[in-house]
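Quick note on numbering: the working numbering labels position 106 of the sequence shown as 107, and the sequence is numbered without any gaps.
Just so you know, even glycine gets a beta-carbon here, dropped at the ideal spot from N, CA and C.
Only a predicted model underlies this, so the values are computations on that prediction, with no experimental measurement involved.
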Amino acid sequence: MNRILIFTALIFFFSGKVLAQHASRGQKLFGECAACHSEQKGVQSIGPDLHGVIGRKAGSLEDFRYSPAMKRSGLTWTPEAIEAYIADPQKVVPQNRMPYAGMADARDRADLVAYLKEAFK
Ligand code: HEC
2 MNRILIFTAL IFFFSGKVLA QHASRGQKLF GECAACHSEQ KGVQSIGPDL HGVIGRKAGS
62 LEDFRYSPAM KRSGLTWTPE AIEAYIADPQ KVVPQNRMPY AGMADARDRA DLVAYLKEAF
122 K
């Protein structure tokens, strides 16, 4: 019984570490987005702020001028939707105006979204 408890505790400990590692890799990767996106609510620049972006409806900030394509995309920014969008923005939302070619590596995308989840609440 004790062994099982210790084993379970170890698994939680290490999976926590792994998650933290993902997010810190993601933080570095966010460097590619930071030129255009702030994590602070209400701070709009070339791109809309990404505060609370997980679960947000695409094109829904009042104080950012989105492309018509983004506004009518009907997407909600789930982790999966964000990963697909940053892999190939023009494929997921044709004619949207984000000037970003795409992040090719699936692991990079997953780590970046782990960071968004943790730091952009
Ligand atoms: C050169 C500037 C630029 C870069 C770099 C960039 N974006 Fe964007 N992003 C934009 C613009 C502009 C829009 C609005 C697009 C539209 O309205 O069609 C946008 C929109 C978005 C949206 C939709 C937000 C909403 O409110 O619907 C998400 C999510 C997003 N970007 C994530 C990212 C991520 C993650 C990265 C980095 C991998 C990134 N962007 C890199 C400019 C940029």
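CB of residue 60 within 7 Å of CB of residue 42, strictly:
no
Does residue 7 pass the burial test, meaning 16 or more other C-beta atoms within 10 Å, or should it be called exposed?
exposed
In terms of residue numbering, what span does the alpha helix (DSSP H) encompassing residue 58 cover?
Run containing residue 58: none; DSSP gives neither H nor E here.
Pull the bridge partners of residue 77 from the DSSP assignment, please.
58
So what's residue 71 in DSSP terms, helix, strand or just coil?
helix
Hey, out of 106, 100, 105 and 95, whose CA is closest to residue 35's CA?
100
Between residue 38 and chain B, is there a C-beta pair that is closer than 7 Å?
This model lacks chain B altogether, as it is built from one protein chain only.
Hey, which unbroken runs of the alpha helix (DSSP H) at 4 residues or more fall wholly within the stretch 26-57?
32-35
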